[in-house]
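The opening position of the sequence shown corresponds to residue 7 in the numbering used here, with each subsequent residue numbered one higher.
No residue lacks a Cβ here, since even glycine has one placed at the ideal position from N, Cα and C.
Shown next, in C-alpha cells, is the structure this report addresses.
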Amino acid sequence: MGVAEPGDAALDNPAAAFIAQTLERMTEAQPADLALLTRLWFHLRPHANQPIAAAHAKLDTLVTILTQQPAYAHALREHLATLFATKKSTRLLTEAGLLPYRSFAAELKRRIGFKLLPPEHDPSHLRDWLDAQIAPRDREWVIDSDPTVWARLCELLQLHSLFQRDPPGVLTNAIRSLAHRIAAGGLDPELLRIEPALEEYDSPFLALHHEVDEWLRGEAGDTRQIDVLIDQCESALDRVRRRKNETGTSIELTLQSLRLSQQMRRMRTLIGLIDEAAAGAVADYAPLVALFFELVETSAERYRVSSLLRDTGGRLARQISLFASQTGEHYVAEGRAALKRMFWSASGAGVVIAGMALLKSRVLALHLAPLQEALLVSLNYALGFVLIYVLHLTIATKQPAMTASLFAHTLAEVRSHAARQKLIDEFADKVWRSQAAAILGNMLFAFATAVAIALALDFSGHHTVSIDKAHHLLAEIHPLGTGTLFYAAVAGVGLFLSGIVSGYYDNKTIYQRIPERLLRLKLPPRLMGARLWARIVDYLREHLGGVMGNVFFGFYLGLTSAFGALAGLPLDIRHIAFSAANLGYAWQIFDWQLPLHVVLVSIAGVLLIGMVNLSVSFSLAFYMALRATRTSARGSGQLLGRGLLAILKAPFRWRRIDPSFKETP
7 MGVAEPGDAA LDNPAAAFIA QTLERMTEAQ PADLALLTRL WFHLRPHANQ PIAAAHAKLD
67 TLVTILTQQP AYAHALREHL ATLFATKKST RLLTEAGLLP YRSFAAELKR RIGFKLLPPE
127 HDPSHLRDWL DAQIAPRDRE WVIDSDPTVW ARLCELLQLH SLFQRDPPGV LTNAIRSLAH
187 RIAAGGLDPE LLRIEPALEE YDSPFLALHH EVDEWLRGEA GDTRQIDVLI DQCESALDRV
247 RRRKNETGTS IELTLQSLRL SQQMRRMRTL IGLIDEAAAG AVADYAPLVA LFFELVETSA
307 ERYRVSSLLR DTGGRLARQI SLFASQTGEH YVAEGRAALK RMFWSASGAG VVIAGMALLK
367 SRVLALHLAP LQEALLVSLN YALGFVLIYV LHLTIATKQP AMTASLFAHT LAEVRSHAAR
427 QKLIDEFADK VWRSQAAAIL GNMLFAFATA VAIALALDFS GHHTVSIDKA HHLLAEIHPL
487 GTGTLFYAAV AGVGLFLSGI VSGYYDNKTI YQRIPERLLR LKLPPRLMGA RLWARIVDYL
547 REHLGGVMGN VFFGFYLGLT SAFGALAGLP LDIRHIAFSA ANLGYAWQIF DWQLPLHVVL
607 VSIAGVLLIG MVNLSVSFSL AFYMALRATR TSARGSGQLL GRGLLAILKA PFRWRRIDPS
667 FKETP
C-alpha cells in the first residue's frame, strides 16, 4: 500500500469530501477547535459495514489532500500543537503501554473494581482524551496499517518541530518524570537484595537521573552518556534476572524489573525525538509512529484484568516452570540401568498405593460425616504421596507434569524446524521408555500387592471390601461408565497443578529464604533437639517443593470427590494406580470367578484411565511451559500437537532405534 499521488481518483469519493471539509474548517477555526480532531478521526475509521482496508484507503486520501493543500497541513499541525499544549500529556507518555506503578495486588483489585464501576474520565489529561477517541475497532485498523504512510503524514505535518527541549516542550516533563521513577525503582529493597552491588557502588539508576537532569537543563551537550548509563542499568537488570535461578523470584520483583526496562526504553524513545528536533536534521519518524501504534494498542488494555495477568503471571510462570523443569530431569531415564531403577522405584510406589487404596475403602466404610470423611481421605492420600516422595519412589502419572517443563525449556532453545522435530522425537522416545517402565511398575505391583493383601485378609477370615463395594469398584473403572474418562481428566488436572505447586514452593524456598528462617525458630529445636531439627531443615531446603506438591495432590484428590458430592456436581477422580489396586481387591472378592469379558474390559479401563491421566497433565504442563518461554499461542499449540503425536508414535520406533539405546555410566 503506497501513498496516493495528487490527482488520484481516491479523492472522488464521499470520504474524501468529508475529510477535506473537516480540514477546511480547521483553517477557519480561530482558536483551534479540538472537536475537529475528533471529527477527522471519525472520518478516518471504517464504518461498521466497511472492511479494515477502507480505513487504509481513507488514510491514503488524507495524505494526498495534505500533499496538495499545504494550508490544510498547517492547520492540522496547529490543532495538534494546541492539543499537546492544552492537555496534560505526562501520564500518557509515562504510563500508557507500561506496567502500572502499583503492586500487583493493588492493581488487580483496582482493575476488578473498574469492571464493576467504570472509572471517571478526566478530559484535561491527554491519555483520557485519547482513550475516549479510540473505538474498539480502531486498534485493529491502525495496527494493520502501513507505518510508512503514517511516517509520511508526520513529515507533511513537520511534527518534529513540536518536540523541543528548550523551551520545555511536550516531552520534557515526561522524560523528567521517567528519570525520577527509574531512580526510585533502582533503589527498590528487593532489587538491592538480589543485586547488592547496586547499593555498594554508585548506582547507575541514580547516575542516569543526574545525567538526564543535566541534559534537560542544557548543561550536557549530547546524550551519549545517557545511552551508556541506560546500558549499565539494563546490564544490572540482566544480572538480577540471571540470578533468579539462585535467588528465586516474586510477582513484585518481576513487575519491578520489567517496569524499569519498559521505562528506560520509553525514555530512550522520547530523548531520541527531542535529539532529532534539536539537530534540525531530516527526521526519522519511525520511532514516533511505533510509539503511536503502542499507545493505540495499549489503550484498550488499560483496565483489562487479562492483560495484567498475562504480563506478570506469564513471567512468574516462566520461573516456576523452570524450577519444575529442573525437577523433571530426575523423571527421564537415559539408559537400561536407569530404566530398571525407574521400574523398581515405581514398583515400590505401587505397593504403597495399594495400601492407600485399602485405607480409603475402610474410611468410606465407616460412613462418617462428610467433612470428617473428606479430611481423612485427603490425609490418607497426602501422607501416602509424601511417604512415596520421601522414600524416593516414583508415581508414573507425576512424570508428565515434570518432564513437560524440561521438554519445553529445551525445545525453546532450538529454532530450526528440522532440529526441533529431531529433538521432539528423541525426547518422546525417552519419555515413552521412562513412562512405560513407571506405569508397569505402578500397575503390576499395585495390583499384585492388592491381591496379596486381599488373600492374606481372606486367609485370616476378613474381607477387604464388601460384594457391593466390589461391584462399585468395577463400575468405576469401566471405560464406558458414566464419567470414567472425564474423572480421569480431572485427576490429570490435579497432576498438572501439583507440578505447578512444586515449582512454586521450590521458588519460594529460595526467594524467601525459608530454611534460614526455620533455623531461627525456638520451639522446634527444644522439642526434637537442635541436630534433628537442623537435619529436617536441610531436607526441606532441597525438597520442600516436592513435599508441598504431593500434599496438594493428596488433598486435591480427596476434596474434589467430596466437593462434587456436597455440591451435586459431576466431580470425582480416577487414577491409574489406584484403579489397578481396586481391580485386584474386587477380583479377589469374587474368588477370581469374573467373566473373561469383565476382566478384559476392566484392564482396558485401567489403561485408558492412565492414558487420560498422562495426556491431560502433559498437555497442560507442556503448553504452559511453552507459553512461559514466550512462544506464541499458535506456536505452542502446534508444538503440543507435534509432541503428543511423537509420543504416540514412540512405541512403534522402539525396535528401529533400540540398538543405539545404551546404558549410561
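Option in 209, 655, 100 and 391 with minimal Cα separation from residue 554: If you number the sequence shown from 1, residue 554 lands on position 548. For residue 554, the closest alpha carbon among the candidates 209, 655, 100 and 391 is that of 391.
Where residue 397 falls, given that 16 or more other Cβ within 10 Å makes a residue buried: Working through the sequence shown from its first residue, we reach residue 397 at position 391. It is exposed - the Cβ of residue 397 has fewer than 16 other Cβ atoms within 10 Å.
Neighbour-count burial assignment, residue 366, 16 or more Cβ in a 10 Å radius: Taking the sequence shown and counting its residues from 1, one reaches residue 366 at position 360. Its Cβ being crowded by 16 or more others within 10 Å, residue 366 is buried.
Using the Cβ count rule (16 or more neighbours within 10 Å means buried), how would you classify residue 534? Mapped onto the sequence shown, residue 534 falls at position 528. When all chains shown are included, residue 534 counts as exposed.
Measuring alpha carbon to alpha carbon, tell me which of 493, 73 and 433 ends up nearest residue 614. As a working mapping, residue 614 is identified with position 608 in the sequence shown. Its Cα nearest to that of residue 614, the residue 493 stands out among 493, 73 and 433.
Would you report the Cα separation of residue 567 and residue 577, rounded to the nearest angstrom? Looking up residue 567 in the sequence shown gives position 561. Looking up residue 577 in the sequence shown gives position 571. Between residue 567 and residue 577, the alpha-carbon positions lie close to 6 Å from each other.
Whole-angstrom Cβ separation of residue 619 and residue 501, contact assumed at under 8 Å? In the sequence shown, residue 619 corresponds to position 613, counting from 1. In the sequence shown, residue 501 corresponds to position 495, counting from 1. So it is a contact: roughly 6 Å between Cβ atoms.
With contact counted as at least three CB pairs below 8 Å, one residue from each stretch, are the segment 579–599 and the segment 446–466 in contact? Three or more beta-carbon pairs drawn from the segment 579–599 and the segment 446–466 are found closer than 8 Å, and the two stretches are therefore classed as touching.
DSSP-derived helix/strand/coil call for residue 655: Reading the sequence shown from its first residue, position 649 is the one you call residue 655. If DSSP states are grouped into helix, strand and coil, residue 655 belongs with the helices.
Please classify residue 94: does DSSP put it in a helix, a strand, or coil? One-based indexing of the sequence shown puts residue 94 at position 88. The answer is strand: DSSP assigns residue 94 an E or B state.
Are the beta-carbon atoms of residue 434 and residue 649 separated by less than 8 Å? Position 428 of the sequence shown holds residue 434. Position 643 of the sequence shown holds residue 649. Yes; because the gap between Cβ atoms is below 8 Å, this pair is in contact.
Does the contact criterion of 3 or more C-beta pairs under 8 Å hold for the segment 505–517 versus the segment 548–562? Yes, the segment 505–517 is in contact with the segment 548–562.
Is it right to say residue 23 is buried, meaning 16 or more other beta carbons lie within 10 angstroms of its own, or is it exposed? Working through the sequence shown from its first residue, we reach residue 23 at position 17. Exposed, by the Cβ-count rule.
Report the partner residues of residue 131 according to the DSSP bridge assignment. Start at 1 with the first residue of the sequence shown, and residue 131 comes out as number 125. Residue pairing from DSSP places residue 131 in a beta bridge opposite 94.
According to the Cβ coordinates, are residue 148 and residue 185 closer than 8 Å? Locating residue 148 in the sequence shown gives position 142, counting from the first residue. Locating residue 185 in the sequence shown gives position 179, counting from the first residue. Judged by their CB atoms, residue 148 and residue 185 are not nearer to each other than the 8 Å cut-off.
Could you check whether residue 33 and residue 91 sit closer than 8 Å to each other, using their CB atoms as the reference points? In the sequence shown, residue 91 corresponds to position 85, counting from 1. In the sequence shown, residue 33 corresponds to position 27, counting from 1. No. Outside cutoff.
I'd like to know if the segment 189–207 and the segment 148–167 are in contact, where contact means that at least 3 CB-CB pairs between them fall below 8 Å. The segment 189–207 vs the segment 148–167: no contact.
Pick from 450, 189 and 79: whose alpha carbon is nearest that of residue 270? Within the sequence shown, numbered from 1, the residue matching residue 270 stands at position 264. Ranking the options by Cα distance to residue 270, first place goes to 189.
Spatially closest choice to residue 308 from 52, 455, 118 and 348, by CA coordinates: Position 302 of the sequence shown holds residue 308. Taking each of 52, 455, 118 and 348 in turn and checking the Cα distance to residue 308, the smallest one comes out for 118.
Check the C-beta distance from residue 142 over to residue 306 and give it rounded, since I have them as a contact under 8 Å. If you number the sequence shown from 1, residue 142 lands on position 136. If you number the sequence shown from 1, residue 306 lands on position 300. With a Cβ gap of about 7 Å, residue 142 and residue 306 count as contacting.
Buried versus exposed, by CB contacts within 10 Å (16 or more), residue 545: Your numbering for residue 545 matches position 539 in the sequence shown. Exposed: under 16 other Cβ atoms inside 10 Å.
For residue 55, does the count of other Cβ atoms within 10 angstroms reach 16, so buried, or fall short, so exposed? Counted from its first residue, the sequence shown places residue 55 at position 49. With fewer than 16 Cβ atoms within 10 Å of its Cβ, residue 55 is classed as exposed.
For residue 166, the first and last residue of its enclosing alpha helix (DSSP H): Here residue 166 corresponds to residue number 160 of the sequence shown, with the count starting at 1. Element bounds for residue 166: n/a, residue is neither H nor E.
I believe residue 360 touches residue 455 by the beta-carbon criterion, under 8 Å. Please report the beta-carbon distance rounded to the nearest angstrom. One-based indexing of the sequence shown puts residue 360 at position 354. One-based indexing of the sequence shown puts residue 455 at position 449. The Cβ separation is near 4 Å, so the contact holds.
Own chain residues within Cβ distance below 8 Å of residue 349, not counting five before or after: As a first step, residue 349 is located in the sequence shown; it is residue number 343 there, counting from the start. So the qualifying residues of the chain are 443, 444, 446 and 447.
Would a C-beta distance cut-off of 8 Å place residue 480 and residue 608 closer than the cut-off? Taking the sequence shown and counting its residues from 1, one reaches residue 480 at position 474. Taking the sequence shown and counting its residues from 1, one reaches residue 608 at position 602. For residue 480 and residue 608, yes; Cβs fall inside 8 Å.
CB of residue 399 within 8 Å of CB of residue 355, strictly: Position 393 of the sequence shown, counted from the start, is the residue given in the question as residue 399. Position 349 of the sequence shown, counted from the start, is the residue given in the question as residue 355. Residue 355 sits close to residue 399, with the two beta carbons spaced by under 8 Å.
Quick one: Cα of residue 626 to Cα of residue 652, how far? On the sequence shown, residue 626 is found 620 positions in, with the first residue counted as 1. On the sequence shown, residue 652 is found 646 positions in, with the first residue counted as 1. The alpha-carbon of residue 626 is positioned some 17 Å away from that of residue 652.
Using 8 Å for Cβ pairs, my map puts residue 525 next to residue 543. What's the rounded Cβ distance? Here the question's residue 525 lines up with position 519 in the sequence shown. Here the question's residue 543 lines up with position 537 in the sequence shown. That belief holds up - the Cβ atoms of residue 525 and residue 543 are roughly 6 Å apart, short of 8 Å.
Anticipated Cβ contact below 8 Å, residue 60 with residue 52, distance rounded: For this step, residue 60 is matched to residue 54 along the sequence shown. For this step, residue 52 is matched to residue 46 along the sequence shown. About 4 Å separates the beta carbons of residue 60 and residue 52, which is inside the 8 Å limit, making them a contact pair.
Can you say whether residue 27 is buried or exposed, counting buried as having 16 or more other CB atoms within 10 angstroms of its CB? Within the sequence shown, residue 27 is the residue found at index 21, counting from 1. An exposed status is given to residue 27, since fewer than 16 other beta-carbon atoms sit within 10 Å of its beta-carbon.
With DSSP as the reference, label residue 55 as helix, strand or coil. Counting from one through the sequence shown, the residue named residue 55 turns up at place 49. Coil.
Between residue 160 and residue 295, which are expected to be in contact by the criterion C-beta below 8 Å, what is the C-beta distance as a whole number of angstroms? To locate residue 160, count along the sequence shown from 1; it is residue 154. To locate residue 295, count along the sequence shown from 1; it is residue 289. So it is a contact: roughly 7 Å between Cβ atoms.
Outcome for residue 193 when other beta-carbon atoms lying within 10 angstroms are tallied against a minimum of 16: Against the sequence shown, residue 193 aligns to sequence position 187. With fewer than 16 Cβ atoms within 10 Å of its Cβ, residue 193 is classed as exposed.
Residues near residue 276 by beta carbon distance below 7 Å, same chain, minus five either side: Taking the first residue of the sequence shown as 1, we reach residue 276 at position 270. Within the same chain, residue 276 has close Cβ partners 99, 177, 180 and 181.
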